[in-house]
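**Student:** Below you'll find the structure I mean.
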Amino acid sequence: MTTRFEETFRQSLLELEQLDQPVLRAHDTQVLERRTPTIDFMIHEKGVPIAGIELKTGRSHLGGWAPVGTQMAAFQLDHGDCDDISNVATFEGIVVYLFHAQVIDRAEPPTTRFEAVGLWWIDPFNFSDSYQSSRTRPRETKTAAYYLTDRFKPFDQFEEHWRSGEMASVRQRFSQQGQPPLYH
Numbered sequence: 003m004t005t006r007f008e009e010t011f012r013q014s015l016l017e018l019e020q021l022d023q024p025v026l027r028a029h030d031t032q033v034l035e036r037r038t039p040t041i042d043f044m045i046h047e048k049g050v051p052i053a054g055i056e057l058k059t060g061r062s063h064l065g066g067w068a069p070v071g072t073q074m075a076a077f078q079l080d081h082g083d084c085d086d087i088s089n090v091a092t093f094e095g096i097v098v099y100l101f102h103a104q105v106i107d108r109a110e111p112p113t114t115r116f117e118a119v120g121l122w123w124i125d126p127f128n129f130s131d132s133y134q135s136s137r138t139r140p141r142e143t144k145t146a147a148y149y150l151t152d153r154f155k156p157f158d159q160f161e162e163h164w165r166s167g168e169m170a171s172v173r174q175r176f177s178q179q180g181q182p183p184l185y186h
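Going by my numbering, the sequence shown opens with residue 3, and the numbers climb by one from there.
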């Protein structure tokens with residue numbers, strides 16, 4: 003089944019390769035497994051990798067065109083996820099964009115299905131600049147970084163980001179400055 007996400011890339015002459023296949027496993031198993039950090043997707047232009055995408059999901063939206071449910075007050079990302087993104091970007095020498103998909107559950111008797119109803123993105127430099135603070139979440143042991151949400155853009159602006167040359171500018175800045183810190 004083709005998604006709007008995949009169709010947009012196909013129409014823009016960009017190719018989207020899924021790298022990190024989702025796997026169901028018990029939470030206990032995830033903690034015990036050591037794995038090499040990877041990103042979710044690679045974007046190719048004429049067969050050449052030009053950028054990566056790390057996709058995160060949550061129940062809240064980031065404002066704008068998809069006001070379903072609650073608007074996110076601050077975007078949260080575990081330090082471990084930040085480190086994985088930075089390590090992949092540095093090791094692969096490629097800009098990694100962060101995407102947030104709002105996913106809500108829909109009743110579909112006798113069970114529930116999950117549906118993506120909104121999608122936003124941000125480049126690593128704007129993401130770094132939107133960092134606010136880090137703290138341990140209530141009832142958890144992991145430290146999370148908190149970010150302003152106003153720099154995330156709706157998915158429908160991503161193709162123009164590429165076509166206008168903004169993506170090329172982000173890639174050039176990355177090649178000159180490297181991966182920006184995602185938390186302090």
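We put the beta carbon where it would ideally sit given N, CA and C, even for glycine.
Since this is a predicted model, take the numbers as computed values, not measurements.
With which residues is A118 paired in a DSSP beta bridge?
**Tutor:** BP columns for A118 point to V105.
**Student:** Using only CA atoms, which one of T59, A147, R61 and V105 lies nearest to R137?
**Tutor:** With distances taken between Cα atoms, R137 lies closest to A147.
**Student:** Do you know how far the Cα of F116 is from the Cα of A109?
**Tutor:** Whole-angstrom Cα-Cα distance: 9 Å.
**Student:** Where do the ends of the alpha helix (DSSP H) carrying D85 lie?
**Tutor:** Here the alpha helix (DSSP H) through D85 covers H81 to E94.
**Student:** Kindly give me the distance between the Cβ atoms of Q20 and A91, rounded to whole angstroms, as I take these residues to be in contact under 8 Å.
**Tutor:** About 18 Å separates the two Cβ atoms, so there is no contact after all.
**Student:** Tell me which same chain residues have a C-beta within less than 6 Å of the C-beta of L100, skipping the five on either side of it?
**Tutor:** Excluding sequence neighbours, L100 sits near E56, I124 and F129.
**Student:** Looking at the structure shown, is S132 part of a helix, part of a strand, or coil, going by DSSP?
**Tutor:** DSSP places S132 in coil when its eight states are reduced to three.
**Student:** Of the choices L15, T38 and G54, whose alpha-carbon is the least far from that of K48?
**Tutor:** Nearest of L15, T38 and G54 to K48, Cα basis: L15.
**Student:** Just checking, does the stretch 57-66 make contact with the stretch 74-86 on the three C-beta pairs under 8 Å criterion?
**Tutor:** At 8 Å Cβ cutoff, the stretches touch.
**Student:** For N89, I'd like the list of residues in its chain whose CB is within less than 7 Å of its CB, leaving aside the five on either flank, ordered along the chain.
**Tutor:** The answer, listed in chain order, is P39.
**Student:** Please name the residue or residues paired with L57 in a DSSP beta bridge.
**Tutor:** L57 is bridged to F101.
**Student:** Please report how far the alpha carbon of T113 lies from the alpha carbon of A53, in whole angstroms.
**Tutor:** Answer to the nearest angstrom: the Cα atoms are 37 Å apart.
**Student:** State the Cα-Cα distance for the pair Y149 and P111, rounded to the nearest angstrom.
**Tutor:** Near 37 Å, if we compare the C-alpha coordinates of P111 and Y149.
**Student:** Can you name the start and end residues of the beta strand (DSSP E) that A75 belongs to?
**Tutor:** Where A75 is concerned, there is no enclosing beta strand (DSSP E), given that its DSSP letter is neither H nor E.
**Student:** Alpha carbon to alpha carbon, what distance is there between Q23 and M3?
**Tutor:** Unreliable placement is indicated for M3, whose pLDDT of 38 sits below 50; the coordinate value is still reported in the next sentence. The alpha-carbon atoms of M3 and Q23 are separated by roughly 16 Å.
**Student:** Of all the options V50, I41, D42 and D80, which has the alpha carbon lying nearest to the alpha carbon of T143?
**Tutor:** The residue with the shortest Cα to Cα distance from T143 is D80.
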